[in-house]
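Those letters in the sequence shown? Residues 1 to 160, by full-length UniProt numbering.
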Amino acid sequence: MSVRAEPHRVTFGLFDNSTSLIYGIGNDGRQDDGLGWAFIDRLEQIHPRPRARLRRTYQLSLEDADLISRYTRVLFVDATKDPGVESFNLSLPEPRLDFSFTSHALSVPAILATTQQCFEHLPEAYLLAIRGYEWELQLGLTSPAQHNLSRSLEFLSVPR
1 MSVRAEPHRV TFGLFDNSTS LIYGIGNDGR QDDGLGWAFI DRLEQIHPRP RARLRRTYQL
61 SLEDADLISR YTRVLFVDAT KDPGVESFNL SLPEPRLDFS FTSHALSVPA ILATTQQCFE
121 HLPEAYLLAI RGYEWELQLG LTSPAQHNLS RSLEFLSVPR
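1. Tell me, to the nearest whole angstrom, how far the beta carbon of residue 165 is from that of residue 114; I am working on the premise that it is less than 8 Å.
2. Let me know the secondary structure DSSP gives residue 78 once reduced to three states.
3. Would the stretch 78-89 and the stretch 118-132 be scored as touching if the rule is three or more Cβ pairs under 8 Å?
4. Would you identify the three-state DSSP class for residue 134, choosing helix, strand or coil?
5. Assign residue 99 to buried or exposed, taking buried as 16 or more other Cβ atoms, counted over all protein chains shown, within 10 Å of its Cβ.
6. List the endpoints of the continuous alpha helix (DSSP H) containing residue 119.
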């Protein structure tokens, strides 16, 4: 685990309101790439009526800048291959246009920069990167990825 956002102030309660969006990114047909969706699935099981809007997507696109401009707080949840992330990493991404802006899938910083530029609004944004290990065409998370998912939910103090 590595946490750069202020851990004592970042809990599920911060996002459990109608002005927040929790955005799971990934593909559940590619093993651990489905961690973002699995996070949303677990939230729906543990907390069946969250006040935050929950959304799943394969990848971020320009249209997402419009969507997130309507919220005061956004939690992006995505898998990471970064070996420097032991279990999960919670960070505060900064808006920044990067080369992903010209591709079919945009980065979180590029979406934030687009939102700021086009809608003159920047939601408070967090990125929860959960460590994954396998990315083959197969349904289901690996056991270590499931463990990391559980640890990230525990860290955010998701009510049971």
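Quick reminder that beta carbons are idealized off the backbone N, C-alpha and C, glycines included. Since the structure is predicted, the reported quantities are computational estimates derived from the model, not experimental observations.
By the coordinates alone:
1. With the chain running from 1 to 160 in the structure shown, residue 165 is simply not present.
2. DSSP places residue 78 in strand when its eight states are reduced to three.
3. The stretch 78-89, when compared against the stretch 118-132, does touch it at the 8 Å Cβ threshold.
4. Of the three classes helix, strand and coil, the one that applies to residue 134 here is coil, per DSSP.
5. Answer is exposed; the Cβ neighbour count stays below 16.
6. Unbroken alpha helix (DSSP H) run through residue 119: 108-119.
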